[in-house]
Amino acid sequence: MEEFQYQKGKLFCEGVDIQNLTRRIETPFYLYSYRKIIDNFREIKNSFALLSPLVCYSLKANDNLTLCRILSEEGAGADIVSGGELYKALLAGFSPHKIIFAGVGKGEKEIKEAIEEDIFMFNIESEGEWEVIERIARRLNKGVKISIRVNPDIDPETHRYITTGKKENKFGLNFSQAEKLYKEIKKSDKVEPRGIHIHIGSQITTPYPYFQSLKKVLKFVRHLQEEGIDLEYIDIGGGFGISYEETKPALKIKELVEIIAPLIQKMEMKLILEPGRYIMGNAGVLVTRVRYKKRMESKTFIIVDAGMNDLIRPSLYGAYHRIKKVKEPQNDSIEEIVDVVGPICESGDFFAQERSLPKIEEGEYLAIMDTGAYGFSMSSSYNARPRLAEILVKDKRWWIIRERESYQDLVRKEIIPQDLFSNRPLMQNSYLPFTKMEGSGNDFIIVDNRLSLLQNGREFALKFCPRKKGIGADGVLILKESSKADFKVQIFNSDGSEAEMCGNGARCIAHFAYLKGITGRRGSFETLAGIISYEIQNENRVKVKMSDPHSISLNIALSLGKESLRGHYLNTGVPHFVLFVPKIEEAPLEDLAPRIRYHSKFKPAGTNVDFVEVGKNILRMRTYERGVEGETLACGTGAVASAIISNLIYSLDSPIKVRTRGGELSVYFEKAGKEKFANVFLEGEAEVVYEGKITIR
Ligand code: LLP
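Start counting the sequence shown at 1174; every next residue gets the next number (this note's numbering).
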């Protein structure tokens, strides 16, 4: 593991001193070498060069997006085993045309997603699975390429939990079942049999099991040819073993190529490989701190801050991982026989047992070696331990490529049903996390209240909206569970009144839900004005479907004392009164708006007031908002109201740009009748300003 070496008495990852890193990053954490990942991948690619294989990295070994991206940029394909891995593979930049989908129990939903993404190939494992694939391909009217995974009944002589190619394993089909299925599939006009797949196990350190199974498989391929089934691809899976102990060498890739290449060349087949461990395994270490050293009657325990939830291989497979001190031991240092164990409440929580290691003291750091594969990807938050940070090193630089989880992450998806308990607040005197967001100059305090931490939205708004004594915001958006949509939002104005809907707020809450992983790019939420759906366009732009405008009443004459004026009324979720003015900056907003807002014509609800200047392809707008009782920098429902009225009065067409003091919005709509509109969308920015927490009592 040359990328992890001692230099001047200290363990380095490439050019980074690990001890120094522990001062910046809380242990435990996973640490990866960029160089090692690239070298391992290229070693496989170059050794197999004469067969020009498609190397599909097996995401299950480690699906961190940055690490995957390194490989996708190197030209690798991806071997995936779930819809989640498909999602991550695409995010990491793997071309769908290089993605193969394996797995003995693929679900309908993930099959559909993969067909829709036009992935390269499915490795199918049962007749039932083929029927599902065929049905979905037919429904979507799409072609699908498949290989059948055969079980060659070969013992790869590895741990029994990771042996997959023996007849007692659940994987693949035997040759006669496979032949029957190939013949069946050949009749389909949607699904095409193109290849054959084997994967006999993992951590295989000699080439012979590959050779033996390949011989069997190729004999079968020849037989299929005689039966009129020609296969183009042979996928030999992954499983290339690495060296976890000095005395146990890795699989010699060159040797493997030497013995299998003649077989494959003779068949003139294209080769696919699915390595996982070989690429990532020795490119990563788990850095952990010694918390306590405890001498018992028969054993000495080194208790570290990493646990079996972070690295389960020793507990699950009895796997051996070298353990190195981050501070290099002296040549003459004493060795001690110890068990290195974690803090989890299980006796199976160990990293080494009865291991002779240079003397280890409390407070020092250790590196558990060769944990880049099946380390983080198999980790959990058992014992409510947030999952670890992952750090990537390249030369002398390093990056956090995954943040350590927080306590909030631990409860993120949990829901406490409100009707199960009395109305008593869940937590007294506790911290309430909030997010401050801004959409076109309207600012909001957003609270994810699925855990019912907050009892009274009105009081909260009155207390925290004031800019000098609170957090400062135009309103509060409270996210709750909903049985009708992805979530529900309650909107409170700064005066504590509840609003039916708010266009800028809608964009903020939609973006918030997306950022917190509550929904995907598309979603919907419930408001007092109905269900609102949305789409996140890119980083900060959000398009929200607004409720259809109603109660349109054009050319209303209002008398305000001595003066009278003419404007237009409508409801775009909330009531608006629109007035056209020649020059927006000179509009008498302060004088007129409050009087219109409380005008007897609009009682009891009152109305918002929009002043609009019609420009070339653009409206300029200023709004007085009910509830805020003053001018705001922008108003989403006001922008929609102005656009709709401008269509009716000045025949402006969708999309209409509306420039407000807070930013530019776009309004999209379709005309559905004389004064009827449908499919109204509002698009604009919605950004996070900061996150914080406040004490609630
Ligand atoms: N292809 C298929 C169909 C697989 O099932 C696997 C791994 C691979 C490729 C990649 O195998 P690799 O090259 O990484 O050996 N958690 C275990 C290993 C499980 C392997 C599962 N399948 C461990 O920590 O040793």
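By construction, the Cβ of each residue, glycine as well, lies at the ideal position given by its N, Cα and C atoms.
With a threshold of 7 Å between beta carbons, is Asn1666 in contact with chain D? Although the question refers to chain D, the structure presented lacks it and comprises just one protein chain.
If you scan the region 1593-1647 from start to end, which runs of the beta strand (DSSP E) of 3 or more residues do you find wholly inside it? 1603-1612, 1615-1621
At the level of alpha carbons, what is the spacing between Gly1809 and Ala1778? Position 636 of the sequence shown, counting from 1, holds the residue named residue 1809. Position 605 of the sequence shown, counting from 1, holds the residue named residue 1778. If I take the Cα positions, the gap works out to 19 Å.
Name, in chain order, the residues that DSSP records as bridge partners for Gln1180. The count along the sequence shown starts at 1 and reaches residue 1180 at position 7. Looking at the DSSP assignment, Gln1180 forms a beta bridge with Lys1183.
Cβ pair Ile1476, Ile1533 closer than 7 Å: The sequence position of residue 1476 within the sequence shown is 303, counting from 1. The sequence position of residue 1533 within the sequence shown is 360, counting from 1. Against a cut-off of 7 Å, the Cβ pair of Ile1533 and Ile1476 comes out as no contact.
Grab the span of the beta strand (DSSP E) containing Glu1837 for me, first residue to last. Translated into the one-based positions of the sequence shown, residue 1837 becomes position 664. From DSSP, the beta strand (DSSP E) with Glu1837 extends over 1836-1846.
Output the distance between the C-alpha atoms of Leu1731 and Lys1641, rounded to the nearest integer angstrom. Reading the sequence shown from its first residue, position 558 is the one you call residue 1731. Reading the sequence shown from its first residue, position 468 is the one you call residue 1641. Distance between the alpha carbons of Leu1731 and Lys1641: 37 Å.
State yes or no: is the C-beta of Ser1220 nearer than 6 Å to some heavy atom of the ligand LLP? Counting from one through the sequence shown, the residue named residue 1220 turns up at place 47. No - the ligand LLP has no heavy atom lying nearer than 6 Å to the Cβ of Ser1220.
Could you check if Ser1375 belongs to the surroundings of the ligand LLP, using beta carbon to heavy atom distance under 6 Å? If you number the sequence shown from 1, residue 1375 lands on position 202. Correct: Ser1375 has its Cβ closer than 6 Å to the ligand LLP.
Would you say the beta carbon of Ile1321 comes nearer than 6 Å to a heavy atom of the ligand LLP? For the purposes of this step, residue 1321 is identified with residue 148 of the sequence shown, where counting begins at 1. Incorrect: Ile1321 has no Cβ contact closer than 6 Å to the ligand LLP.
Extract the residue ranges of the beta strand (DSSP E) inside the region 1399-1474, only unbroken runs of 3 or more that lie entirely within it. 1406-1408, 1443-1446, 1457-1468
For a quick check, are the C-beta atoms of Arg1793 and Glu1804 less than 7 Å apart? Taking the first residue of the sequence shown as position 1, residue 1793 is located at position 620. Taking the first residue of the sequence shown as position 1, residue 1804 is located at position 631. No. Outside cutoff.
Starting from Ala1251 and walking both ways along the alpha helix (DSSP H), at which residues does that stretch end? Along the sequence shown, read from residue 1 onward, the residue named residue 1251 stands at position 78. Unbroken run through Ala1251 is the beta strand (DSSP E), 1250-1253; no alpha helix (DSSP H).
With Lys1500 and Gln1192 assumed to form a contact (beta carbons below 8 Å), what rounded beta-carbon distance in angstroms separates them? Sequence index remark: in the sequence shown, residue 1500 carries index 327 (1-based). Sequence index remark: in the sequence shown, residue 1192 carries index 19 (1-based). With a Cβ gap of about 7 Å, Lys1500 and Gln1192 count as contacting.
Whole angstroms are fine: how far does the CA of Gln1628 sit from the CA of Gln1601? Position 428 of the sequence shown, counted from the start, is the residue given in the question as residue 1601. Position 455 of the sequence shown, counted from the start, is the residue given in the question as residue 1628. Unreliable placement is indicated for Gln1601, whose pLDDT of 48 sits below 50; the coordinate value is still reported in the next sentence. Gln1601 and Gln1628: Cα-Cα distance of roughly 11 Å.
Inter-residue CB distance, Leu1240 and Met1453 (contact presumed, cutoff 8 Å): Taking the sequence shown and counting its residues from 1, one reaches residue 1240 at position 67. Taking the sequence shown and counting its residues from 1, one reaches residue 1453 at position 280. At roughly 7 Å, the Cβ-Cβ gap stays under 8 Å, so Leu1240 and Met1453 are in contact.
At which residues does the alpha helix (DSSP H) containing Arg1308 begin and terminate? Mapped onto the sequence shown, residue 1308 falls at position 135. It spans 1300-1313 - the alpha helix (DSSP H) in which Arg1308 sits, taken as one unbroken run.
Taking buried to mean at least 16 other C-beta atoms within 10 Å of its own C-beta, is Ile1588 buried or exposed? As a first step, residue 1588 must be located in the sequence shown, where it is residue number 415. Answer is exposed; the Cβ neighbour count stays below 16.
Could you please give me the residues that DSSP links to Cys1229 through a beta bridge? Taking the first residue of the sequence shown as position 1, residue 1229 is located at position 56. Gly1250.
Could you tell me the distance, in whole angstroms, from the CA atom of Ile1433 to the CA atom of Pro1226? Here residue 1433 corresponds to residue number 260 of the sequence shown, with the count starting at 1. Here residue 1226 corresponds to residue number 53 of the sequence shown, with the count starting at 1. Near 13 Å, if we compare the C-alpha coordinates of Pro1226 and Ile1433.
Neighbourhood of His1332 by C-beta distance below 6 Å, restricted to the same chain and skipping five residues each side: As a working note, residue 1332 is residue 159 in the sequence shown. Counting only Cβ-Cβ distances below 6 Å, and skipping sequence neighbours, we find Tyr1490.
Any idea which residues DSSP pairs Asp1783 with across the strands? Here residue 1783 refers to the residue found at position 610 of the sequence shown. Looking at the DSSP assignment, Asp1783 forms a beta bridge with Val1751, Thr1796.
Please report how far the alpha carbon of Ala1851 lies from the alpha carbon of Met1719, in whole angstroms. Reading the sequence shown from its first residue, position 678 is the one you call residue 1851. Reading the sequence shown from its first residue, position 546 is the one you call residue 1719. Using only the alpha carbons, I get a separation of about 9 Å.
Any contact between the region 1676-1685 and the region 1850-1864? By contact I mean 3 or more CB pairs, one from each, below 8 Å. yes
Please classify Pro1639: is it buried, with 16 or more other beta-carbons within 10 angstroms of its beta-carbon, or exposed? As a first step, residue 1639 is located in the sequence shown; it is residue number 466 there, counting from the start. With fewer than 16 Cβ atoms within 10 Å of its Cβ, Pro1639 is classed as exposed.
Given a threshold of 16 other Cβ atoms within 10 Å of its Cβ, counted over all protein chains shown, does Ser1245 qualify as buried or as exposed? Within the sequence shown, residue 1245 is the residue found at index 72, counting from 1. It is buried - the Cβ of Ser1245 has at least 16 other Cβ atoms within 10 Å.
Grouping DSSP H, G and I as helix and E and B as strand, with all else coil, what is Ile1485? One-based indexing of the sequence shown puts residue 1485 at position 312. DSSP places Ile1485 in coil when its eight states are reduced to three.
If you run the structure through DSSP and keep just helix, strand and coil, what is Lys1718? Locating residue 1718 in the sequence shown gives position 545, counting from the first residue. Residue state, collapsed to three classes: strand.
Secondary structure at Glu1130, three-state DSSP: helix, strand or coil? Beyond the ends of the chain as shown, which are 1174 and 1870, falls residue 1130; an answer cannot be given.
Top-ranked residue by Cα proximity to Glu1535, from Lys1467, His1494, Lys1497, Leu1561: In the sequence shown, the residue the question calls residue 1535 occupies position 362. Of the listed residues, the one whose Cα sits closest to Glu1535 is Lys1467.
Would you tell me roughly how many angstroms separate the C-alpha atoms of Tyr1205 and Arg1799, rounded to the nearest one? Indexing the sequence shown from 1 puts residue 1205 at position 32. Indexing the sequence shown from 1 puts residue 1799 at position 626. Distance from the CA atom of Tyr1205 to the CA atom of Arg1799, rounded to whole angstroms, is 55 Å.
With hydrogens ignored, establish whether the beta-carbon of His1372 is closer than 6 Å to any heavy atom of the ligand LLP. As a first step, residue 1372 must be located in the sequence shown, where it is residue number 199. His1372 Cβ: within cutoff of the ligand LLP.
Nearest candidate by alpha-carbon position, reference Ile1210, set Gly1835, Tyr1451, Lys1830: Taking the sequence shown and counting its residues from 1, the one referred to as residue 1210 is at position 37. Closest option to Ile1210, Cα to Cα, is Tyr1451.
Would you call the CB atoms of Ser1231 and Gly1449 closer than 7 Å? The count along the sequence shown starts at 1 and reaches residue 1231 at position 58. The count along the sequence shown starts at 1 and reaches residue 1449 at position 276. Yes, the Cβ-Cβ distance between Ser1231 and Gly1449 is below 7 Å.
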